[in-house]
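Worksheet: one structure, shown below.
In this note's numbering, the protein residues as written are 262 to 548.
In structure tokens, the structure reads:
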């Protein structure tokens, strides 16, 4: 009788536990524990840029050949040219997710300042509206030098990743840094964002954003990065405003981890595009 009397209580407790477990398995916390990782690209427009992204993806698949399929990140490509990627990647055996973009959307993402690289932050914002987990967002002109599983582990722990530190603003080590420093000095290193003053420290580090590693827990930084970009771009007068915004908020949040030993970013070697075009044209249709 005792067990019969208690059984309804046990049954109720078990049902409650099952419900809680189901909710936990669907929760962001469990998905992070599972280590859902994403390798993210934005590749659109000119064929030569698509080929750069293709080469980058193939280089990743090469260095991760010994990594079990279930431990590899999901590759996600925002593109207006899905057939080009399918043509060369269908035989790799790796699942690719394609998310469509078009000129209207890209124009919208460029904002009122008509700044094309603003789209990178918008891609992250759009992706985190769909998914949660650890994202490594890489530019098309990148080559993987070794497996990046450890980078995803760091991102999963809440670390922020960029490609490499290019210097300190006030040291003016490049012409672009000199121009930014001069233009910021003209406004007393202060930006006005939504009526508030934001001070830019002359000693801030400037990082290359050819690689950005971030977890969905940091997605709250993205609107601030967009506001920064909108306010700073007319002032800075340079094409790298987006990476200044990322550098500013990432290093305010915590120390940035570098990915330069894992991923090569050949942003200053555009001649390679011709080589890639010749290669992919010659090998079209081959696997």
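Note that CB positions come from ideal geometry on N, CA and C, so glycine has one too.
Practice task
Name the residue from 488, 517 and 329 whose alpha carbon lies nearest to the alpha carbon of residue 426.
Solution key: 517
Practice task
Rounded to whole angstroms, what's the CA-CA distance from residue 435 to residue 429? Just pull it up for me.
Solution key: Cα-Cα distance, rounded: 10 Å.
Problem - Secondary structure of residue 549, DSSP reduced to three states - result: For the chain, the structure presents residues 262 to 548; residue 549 sits outside this window and is missing.
Handout entry: residue 421: first and last residue of the uninterrupted beta strand (DSSP E) it sits in
Key = 421-429
Handout entry: Inter-residue CB distance, residue 410 and residue 332 (contact presumed, cutoff 8 Å)
Key = 7 Å
Handout entry: Cutoff 7 Å; reference residue 303; Cβ partners in own chain excluding five residues on either side
Key = So the list reads 339, 380, 381 and 384, once near-sequence residues are dropped.
Handout entry: Reference residue 485, options 310, 474, 507 and 308, closest by Cα
Key = 507
Problem - Proximal residues to residue 524 (C-beta, below 6 Å), its chain only, five neighbours per side dropped - result: 403, 405 and 472
Problem - Distance between beta carbons of residue 424 and residue 526, contact taken as under 8 Å - result: 5 Å
Problem - Burial state of residue 470, where buried means 16 or more other Cβ atoms lie within 10 Å - result: buried
Problem - Same chain, Cβ closer than 7 Å to residue 536, neighbours up to 5 away in sequence not counted - result: none
Handout entry: Backbone CA spacing between residue 263 and residue 277 [nearest angstrom]
Key = Reliability fails at residue 263, whose pLDDT of 45 lies under 50, so the model's placement of it is uncertain and the value that follows must be treated cautiously. Approximately 22 Å, taken between the alpha carbons.
Handout entry: Reduced DSSP category for residue 471 - H, G, I as helix; E, B as strand; rest coil
Key = strand
Problem - Three-state secondary structure (DSSP) of residue 490 - result: helix
Practice task
Count the other CB atoms, across all protein chains shown, that sit within 10 Å of the CB of residue 476; report buried if there are 16 or more and exposed otherwise.
Solution key: Its Cβ being crowded by 16 or more others within 10 Å, residue 476 is buried.
Practice task
Would you check if there are 3 or more beta carbon pairs closer than 8 Å linking the segment 447-454 to the segment 499-506?
Solution key: no
Handout entry: Close beta carbons around residue 465, own chain, < 8 Å, minus the five adjacent residues each side
Key = 429, 430, 508, 509 and 512
Practice task
Count the other C-beta atoms from every protein chain shown that fall within 10 angstroms of the C-beta of residue 555, then say buried if there are 16 or more, exposed otherwise.
Solution key: Residue coverage of the chain in this structure runs from 262 to 548, which leaves residue 555 outside it and unanswerable.
Practice task
Output the distance between the C-alpha atoms of residue 364 and residue 347, rounded to the nearest integer angstrom.
Solution key: 21 Å
Practice task
Grab the span of the beta strand (DSSP E) containing residue 299 for me, first residue to last.
Solution key: 298-304 is the span of the beta strand (DSSP E), which, as asked, contains residue 299.
Exercise for the section: Could you tell me the distance, in whole angstroms, from the CA atom of residue 490 to the CA atom of residue 497? Expected result: If you take the alpha carbons of residue 490 and residue 497, they lie about 10 Å apart.
Handout entry: residue 346 - DSSP class collapsed to helix/strand/coil
Key = Residue state, collapsed to three classes: helix.
Exercise for the section: For residue 526, name the three-state secondary structure that DSSP assigns. Expected result: Looking at residue 526 - three-state DSSP - the assignment turns out to be strand.
Practice task
Please name the residue in 542, 401 and 419 whose C-alpha comes closest to that of residue 395.
Solution key: 419
Problem - Cα-Cα separation, residue 457 to residue 387 - result: 26 Å
Exercise for the section: Go through its chain and collect everything with a Cβ distance to residue 306's Cβ below 8 Å, but skip five positions before and after it. Expected result: 341
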